[in-house]
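Visitor: Residues 30 to 740 (my numbering) are what the sequence shown spells out, left to right.
Just dropping this structure here.
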Amino acid sequence: MGVLDNKADKRHATAGQQPECGEVALGLVRNIGIVAHIDAGKTTTTERILFYAGRTHRLGNVDEGNTVTDWMIQERERGITITSAAITCSWRGVRINLIDTPGHVDFTIEVERSLRVLDGAVGVFCAVGGVQPQSETVWRQADRYHVPRIAFINKMDRMGANFGRCVAEIREKLRANPVCLQLPVGEAETFSGVIDLIELKALSYDSGSEGREVSEGEIPEALRERAEAARAELCEKVAEADETVLERYLEDPALPAEVLRESVRRGVLAGKLVPVLCGSSLRNKGVQQVLDAVTWYLPSPLDRPPVEATDVKSEARVTREQSVTAPLTALVFKIATDAYVGRLFFVRVYAGALKKGQNVYNPRTRKRERVMKIVRLFADQQSEVETLAAGEIGALVGLKEATTGDTLCAENQPVYLERITVPEPVMFMAIEPKSSADKARLTESIGLLAAEDPTCQVRVDAETGQTILSGMGELHLEILVDRLRREFKCEANTGRPMVSYYETVTATGTSVYLFDRELGGRRHCAQVTIEVSPLKRGSGHAVELAPGVRRSLPDERLADCVEQGLKDGILTGVLARYPMTDVRARVTGVVITDEETATDVALRTAAVMGFREAAQAATPELLEPIMSLDIETPADYVGDIMGDINGRRGSVRDMTTRGDMQIVRASVPLAELFGYSTAIRSLSRGRASYSMEPGEFAVVPRTVREQLLNR
Numbered sequence: 030m031g032v033l034d035n036k037a038d039k040r041h042a043t044a045g046q047q048p049e050c051g052e053v054a055l056g057l058v059r060n061i062g063i064v065a066h067i068d069a070g071k072t073t074t075t076e077r078i079l080f081y082a083g084r085t086h087r088l089g090n091v092d093e094g095n096t097v098t099d100w101m102i103q104e105r106e107r108g109i110t111i112t113s114a115a116i117t118c119s120w121r122g123v124r125i126n127l128i129d130t131p132g133h134v135d136f137t138i139e140v141e142r143s144l145r146v147l148d149g150a151v152g153v154f155c156a157v158g159g160v161q162p163q164s165e166t167v168w169r170q171a172d173r174y175h176v177p178r179i180a181f182i183n184k185m186d187r188m189g190a191n192f193g194r195c196v197a198e199i200r201e202k203l204r205a206n207p208v209c210l211q212l213p214v215g216e217a218e219t220f221s222g223v224i225d226l227i228e229l230k231a232l233s234y235d236s237g238s239e240g241r242e243v244s245e246g247e248i249p250e251a252l253r254e255r256a257e258a259a260r261a262e263l264c265e266k267v268a269e270a271d272e273t274v275l276e277r278y279l280e281d282p283a284l285p286a287e288v289l290r291e292s293v294r295r296g297v298l299a300g301k302l303v304p305v306l307c308g309s310s311l312r313n314k315g316v317q318q319v320l321d322a323v324t325w326y327l328p329s330p331l332d333r334p335p336v337e338a339t340d341v342k343s344e345a346r347v348t349r350e351q352s353v354t355a356p357l358t359a360l361v362f363k364i365a366t367d368a369y370v371g372r373l374f375f376v377r378v379y380a381g382a383l384k385k386g387q388n389v390y391n392p393r394t395r396k397r398e399r400v401m402k403i404v405r406l407f408a409d410q411q412s413e414v415e416t417l418a419a420g421e422i423g424a425l426v427g428l429k430e431a432t433t434g435d436t437l438c439a440e441n442q443p444v445y446l447e448r449i450t451v452p453e454p455v456m457f458m459a460i461e462p463k464s465s466a467d468k469a470r471l472t473e474s475i476g477l478l479a480a481e482d483p484t485c486q487v488r489v490d491a492e493t494g495q496t497i498l499s500g501m502g503e504l505h506l507e508i509l510v511d512r513l514r515r516e517f518k519c520e521a522n523t524g525r526p527m528v529s530y531y532e533t534v535t536a537t538g539t540s541v542y543l544f545d546r547e548l549g550g551r552r553h554c555a556q557v558t559i560e561v562s563p564l565k566r567g568s569g570h571a572v573e574l575a576p577g578v579r580r581s582l583p584d585e586r587l588a589d590c591v592e593q594g595l596k597d598g599i600l601t602g603v604l605a606r607y608p609m610t611d612v613r614a615r616v617t618g619v620v621i622t623d624e625e626t627a628t629d630v631a632l633r634t635a636a637v638m639g640f641r642e643a644a645q646a647a648t649p650e651l652l653e654p655i656m657s658l659d660i661e662t663p664a665d666y667v668g669d670i671m672g673d674i675n676g677r678r679g680s681v682r683d684m685t686t687r688g689d690m691q692i693v694r695a696s697v698p699l700a701e702l703f704g705y706s707t708a709i710r711s712l713s714r715g716r717a718s719y720s721m722e723p724g725e726f727a728v729v730p731r732t733v734r735e736q737l738l739n740r
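The following block contains the structure:
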């Protein structure tokens with residue numbers, strides 16, 4: 030499959046070196062992401078893709094700190110991906126807009142917003158670790174956005190590699206339908222190449238040319254029977270998923286290669302099949318076939334259904350065809366700060382075209398903005414272009430008020446796209462400037478970080494006046510503070526990281542609140558009726574004004590004041606001043622006796638105080654983040670580890686065996702996991718390892734609640 034002779038290989042490498050800014054037919058564009066668990070080999074795979082596509086002339090390695098996509102200082106120092114990097118390259122005449130995403134759970138928003146705008150994805154799995162926790166998370170994220178995928182089982186050269194087990198875990202844990210397009214020739218130290226099941230050929234890679242030269246050969250006799258059986262199974266699975274070839278399969282089960290490829294592509298686009306390939310990116314084996322699979326099986330923008338949006342004027346659902354002639358519809362999915370050009374607004378254009386100098390409309394701000402510059406991206410480098418057409422990904426310079434998740438559209442046909450789902454932060458720390466002279470710079474710098482990263486949230490504690498920085502974990506907060514110091518030249522003192530608790534309500538409560546007070550020699554008076562009710566866990570919060578309420582107010586500005594008052598109440602909570610979540614606040618009535626006294630202050634204050642009264646009547650509770658913990662340990666230490674989990678208010682969900690190791694999956698409150706890395710090393714004499722990710726928020730037990738409220 031996808032075999033290149035030496036001459037063809039040189040031809041494609043040369044083509045890949047050409048500038049990527051020329052016009053390409055939409056059917057020859059692939060917007061894809063590389064997603065996986067941490068350390069599965071995403072960045073190494075991306076580096077090989079760029080090398081074989083001719084965009085780079087040397088192989089970058091994570092351990093050497095010279096990769097293209099991990100360009101941040103913090104990424105190269107730590108050997109991890111922190112921010113998603115967008116890159117454009119070409120393979121076999123197809124333009125590939127590629128996004129390399131982080132694997133660490135603290136940076137999950139980078140995966141979320143990348144998958145939101147991509148048409149396809151390559152899931153990279155470690156041949157030793159199989160389907161790991163973050164693999165499951167990114168797979169669910171891709172499911173949410175209906176993104177077709179192919180799977181690449183990497184690290185086949187590692188001790189303990191097991192191709193069959195990985196395929197079985199993809200089927201069982203991810204509830205996918207994997208179809209093997211390849212088999213490995215050997216495993217671990219004997220891994221030497223792959224068998225292409227579509228062409229029934231063995232592929233080997235020349236180490237002297239860094240894997241550029243791929244040779245076809247006969248399948249080793251010892252593997253021929255297995256390969257033929259695997260191809261028969263591939264044909265059967267494809268026929269089951271594709272009625273167009275079922276009749277042909279019943280007549281002759283040995284489907285030709287071209288028929289098989291076309292059928293696999295239809296199955297992938299329909300979400301029925303996940304093609305599985307294998308190799309070793311670090312050893313330069315199998316990556317060209319991943320590129321072939323991207324061009325053959327993953328969708329172009331034309332293969333995706335028209336994007337759904339909401340009409341601003343009628344609130345009706347509308348669709349936009351992915352065509353340059355359709356009204357402009359684009360999504361800002363990321364913001365980054367560049368040292369040379371300022372703020373870069375990453376966009377995916379779904380319909381129409383964005384042109385340099387064009388005015389675009391933002392329905393959230395209800396304002397028009399001007400696009401000063403358009404660039405195509407190559408990690409931290411850019412090349413300027415005049416236009417971004419439907420189906421393309423690039424970045425804009427010059428926008429003033431856009432934020433992550435905003436829609437850019439035509440002003441005469443305004444629509445807005447579904448916003449990106451942002452997980453709730455689970456940790457926070459207090460932060461303050463080292464000197465009073467740094468206060469303004471710190472405030473501005475944190476604001477820029479929060480604009481880039483929606484999971485970085487900032488608030489000022491109403492009681493202490495402290496600035497509180499929230500994030501997705503200790504590593505996330507550490508990186509944010511490091512970026513403040515290095516990028517923004519802003520020194521700050523920080524407190525120790527603490528768990529982010531939230532408040533919620535478990536019943537429905539109502540309040541009628543009258544605010545009537547004289548301030549500054551003027552009377553301020555308004556009465557509001559507010560209903561507070563619970564939402565499904567994980568829903569966030571909702572603020573509503575009954576239709577009659579908005580019509581009864583003499584000025585739209587006053588309605589905004591009421592909404593802002595409700596938001597202030599949700600932000601400050603009622604039990605211990607933690608932000609509230611999974612709560613709906615609805616204003617059902619407003620009474621104004623005199624328009625002169627119905628001031629902004631009166632409406633906003635009445636809404637805040639009325640909300641607090643209603644929330645107190647709605648049985649408020651505290652919520653804490655529960656982490657999903659995966660522990661890999663020798664069997665000898667399972668008992669001690671499970672006892673430790675119970676002592677941390679945790680519960681074991683299930684246990685499985687992987688080789689001679691036991692996998693313990695548990696749910697444990699984050700508050701009980703500080704210092705866990707030291708504890709598990711002690712319990713297992715350094716032989717156990719673990720990974721964790723946010724699972725859910727749960728009501729804290731009564732005893733813990735009392736401790737939190739009394740501290």
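C-beta atoms are modelled at their ideal positions from N, C-alpha and C, and glycine is treated no differently.
Are the beta-carbon atoms belonging to G423 and I403 less than 7 Å from one another?
Guide: The residue given as residue 423 occupies position 394 in the sequence shown. The residue given as residue 403 occupies position 374 in the sequence shown. Contact: yes.
Visitor: What alpha helix (DSSP H) runs, 4 residues minimum, are completely inside the segment 300-384?
Guide: Listed in chain order, the complete alpha helix (DSSP H) runs (minimum 4 residues) inside the segment 300-384 are 316-326.
Visitor: By Cβ distance below 6 Å, which residues in the same chain neighbour S238 in space, the five residues on each side in sequence not counted?
Guide: Against the sequence shown, residue 238 aligns to sequence position 209. Excluding residues within five positions, none has a Cβ falling inside 6 Å.
Visitor: So, is R633 buried or exposed, given that buried needs 16 or more other C-beta atoms within 10 angstroms?
Guide: Here residue 633 refers to the residue found at position 604 of the sequence shown. Its Cβ being crowded by 16 or more others within 10 Å, R633 is buried.
Visitor: Using the three-state DSSP reduction, which class does I460 fall into: helix, strand or coil?
Guide: The residue given as residue 460 occupies position 431 in the sequence shown. It is a strand residue.
Visitor: Please classify G296: is it buried, with 16 or more other beta-carbons within 10 angstroms of its beta-carbon, or exposed?
Guide: The residue given as residue 296 occupies position 267 in the sequence shown. It counts as buried.
Visitor: In this structure, does DSSP put Q161 in helix, strand or coil?
Guide: Taking the sequence shown and counting its residues from 1, the one referred to as residue 161 is at position 132. Residue state, collapsed to three classes: coil.
Visitor: Examine the Cβ distances between the segment 693-710 and the segment 659-677 and report whether three or more of them are shorter than 8 Å.
Guide: Touching, yes, given that three or more Cβ pairs across the two stretches are closer than 8 Å.
Visitor: Apart from the five residues on each side of it in sequence, which residues of its chain come closer than 7 Å, Cβ to Cβ, to Y278?
Guide: Taking the sequence shown and counting its residues from 1, the one referred to as residue 278 is at position 249. Once the five neighbours on either side are set aside, the close Cβ partners of Y278 are C264, A268 and L284.
Visitor: What are the boundary residues of the beta strand (DSSP E) that includes C264?
Guide: The residue labelled residue 264 in the question sits at position 235 within the sequence shown. Where C264 is concerned, there is no enclosing beta strand (DSSP E), although the alpha helix (DSSP H) it sits in stretches over E250 to A270.
Visitor: State the Cα-Cα distance for the pair L604 and M458, rounded to the nearest angstrom.
Guide: Counting from one through the sequence shown, the residue named residue 604 turns up at place 575. Counting from one through the sequence shown, the residue named residue 458 turns up at place 429. For L604 and M458, the distance between alpha carbons rounds to 20 Å.
Visitor: From P452 to G569, what does the alpha carbon distance come to, in whole angstroms?
Guide: Taking the sequence shown and counting its residues from 1, the one referred to as residue 452 is at position 423. Taking the sequence shown and counting its residues from 1, the one referred to as residue 569 is at position 540. Rounded to whole angstroms, P452 to G569 spans 9 Å at the Cα level.
Visitor: Can you give me the C-alpha to C-alpha distance between L357 and S464, rounded to a whole angstrom?
Guide: Position 328 of the sequence shown holds residue 357. Position 435 of the sequence shown holds residue 464. About 47 Å.
Visitor: Compute the beta-carbon to beta-carbon distance between I224 and Q211, rounded to the nearest angstrom, for a pair I have assumed lies under 8 Å.
Guide: For the purposes of this step, residue 224 is taken as residue 195 along the sequence shown, with counting starting at 1. For the purposes of this step, residue 211 is taken as residue 182 along the sequence shown, with counting starting at 1. That pair is a contact at about 6 Å.
Visitor: If you reduce the DSSP assignment to three classes, tell me which class L577 lands in.
Guide: Taking the first residue of the sequence shown as 1, we reach residue 577 at position 548. The sequence shown places Gly at residue 577, rather than the Leu named in the question. DSSP places G577 in helix when its eight states are reduced to three.
Visitor: The beta strand (DSSP E) with R744 in it runs from where to where?
Guide: It is not possible to answer for residue 744, since the shown part of the chain is limited to 30 through 740.
Visitor: Between the Cα of Y298 and those of L311, L327 and V319, spot the shortest distance and give me the residue it belongs to.
Guide: As a position in the sequence shown, residue 298 is number 269, starting the count at 1. A small correction: the amino acid at residue 298 is Leu; Tyr does not occupy that position in the sequence shown. The residue with the shortest Cα to Cα distance from L298 is L327.
Visitor: For the segment 526-546 and the segment 576-591, state whether three or more C-beta atom pairs, one from each stretch, are separated by less than 8 Å.
Guide: The segment 526-546 vs the segment 576-591: no contact.
Visitor: Pull up the distance between the alpha-carbon of G524 and that of V681, whole angstroms please.
Guide: In the sequence shown, residue 524 corresponds to position 495, counting from 1. In the sequence shown, residue 681 corresponds to position 652, counting from 1. Cα to Cα, the separation comes out at about 32 Å.
Visitor: L144 to V376, Cα distance in whole Å?
Guide: Taking the sequence shown and counting its residues from 1, the one referred to as residue 144 is at position 115. Taking the sequence shown and counting its residues from 1, the one referred to as residue 376 is at position 347. Approximately 13 Å between the Cα atoms of the pair.
Visitor: Count the other CB atoms, across all protein chains shown, that sit within 10 Å of the CB of D665; report buried if there are 16 or more and exposed otherwise.
Guide: Residue numbering aside, residue 665 sits at position 636 when the sequence shown is read from its first letter. D665 is exposed by the Cβ-count criterion.
Visitor: Helix or strand or just coil, what does DSSP make of E625?
Guide: Within the sequence shown, numbered from 1, the residue matching residue 625 stands at position 596. It is coil, neither helix nor strand.
Visitor: Just confirm the distance between the C-beta atoms of R178 and A156, as a whole number of angstroms; I'd bet it's less than 8 Å.
Guide: Start at 1 with the first residue of the sequence shown, and residue 178 comes out as number 149. Start at 1 with the first residue of the sequence shown, and residue 156 comes out as number 127. Not confirmed; about 18 Å, so no contact.
Visitor: For D597 and L564, which I take to be in contact (beta-carbon distance under 8 Å), what is that distance rounded to the nearest angstrom?
Guide: Counted from its first residue, the sequence shown places residue 597 at position 568. Counted from its first residue, the sequence shown places residue 564 at position 535. About 19 Å; that fails the 8 Å criterion.
Visitor: Just mark S474 as buried or exposed, buried being the case when its beta carbon has 16 or more other beta carbons within 10 Å.
Guide: The sequence position of residue 474 within the sequence shown is 445, counting from 1. By the neighbour-count rule (16 or more Cβ atoms within 10 Å), S474 is buried.
Visitor: Compute the Euclidean distance between the alpha carbons of V487 and V697, then round it to the nearest angstrom.
Guide: As a working mapping, residue 487 is identified with position 458 in the sequence shown. As a working mapping, residue 697 is identified with position 668 in the sequence shown. Answer to the nearest angstrom: the Cα atoms are 26 Å apart.
Visitor: For H175, does the three-state DSSP call read helix, strand or coil?
Guide: Along the sequence shown, read from residue 1 onward, the residue named residue 175 stands at position 146. Coil.
Visitor: Taking the beta strand (DSSP E) that C438 falls in, what are its first and last residues?
Guide: Position 409 of the sequence shown holds residue 438. Per DSSP, C438 belongs to the beta strand (DSSP E) from T436 to C438.
Visitor: In or out: L417 buried (at least 16 other Cβ within 10 Å) or exposed?
Guide: Counted from its first residue, the sequence shown places residue 417 at position 388. Result: buried.
Visitor: In three-state DSSP terms, what is R677?
Guide: As a first step, residue 677 is located in the sequence shown; it is residue number 648 there, counting from the start. Note: R677 maps to coil in three-state DSSP.
Visitor: For A82, would you say it is in contact with chain E, using Cβ-to-Cβ distances shorter than 7 Å as the test?
Guide: Of the protein chains in this structure there is only one, and it is not chain E.
Visitor: Hey, could you find the ends of the alpha helix (DSSP H) I709 is sitting in?
Guide: Reading the sequence shown from its first residue, position 680 is the one you call residue 709. Start and end: Y705 to S713.
Visitor: For a quick check, are the C-beta atoms of A380 and A345 less than 7 Å apart?
Guide: By 1-based counting over the sequence shown, the position of residue 380 is 351. By 1-based counting over the sequence shown, the position of residue 345 is 316. Contact flag unset, no.
Visitor: Report the CB separation of L477 from T366 in whole angstroms; it is logged as a contact under 8 Å.
Guide: Indexing the sequence shown from 1 puts residue 477 at position 448. Indexing the sequence shown from 1 puts residue 366 at position 337. Between T366 and L477 the Cβ distance is about 6 Å, and since that is below 8 Å, they are a contact.
Visitor: Tell me whether R488 sits in a helix, a strand or coil according to DSSP, three-state version.
Guide: What you label residue 488 is simply residue 459 of the sequence shown in a count that begins at 1. If DSSP states are grouped into helix, strand and coil, R488 belongs with the strands.
Visitor: In terms of alpha-carbon separation, which member of L738, S244 and S713 lies closest to K314?
Guide: Stepping through the sequence shown from its first residue, residue 314 is reached at position 285. That would be S244, whose Cα lies nearest to the Cα of K314.
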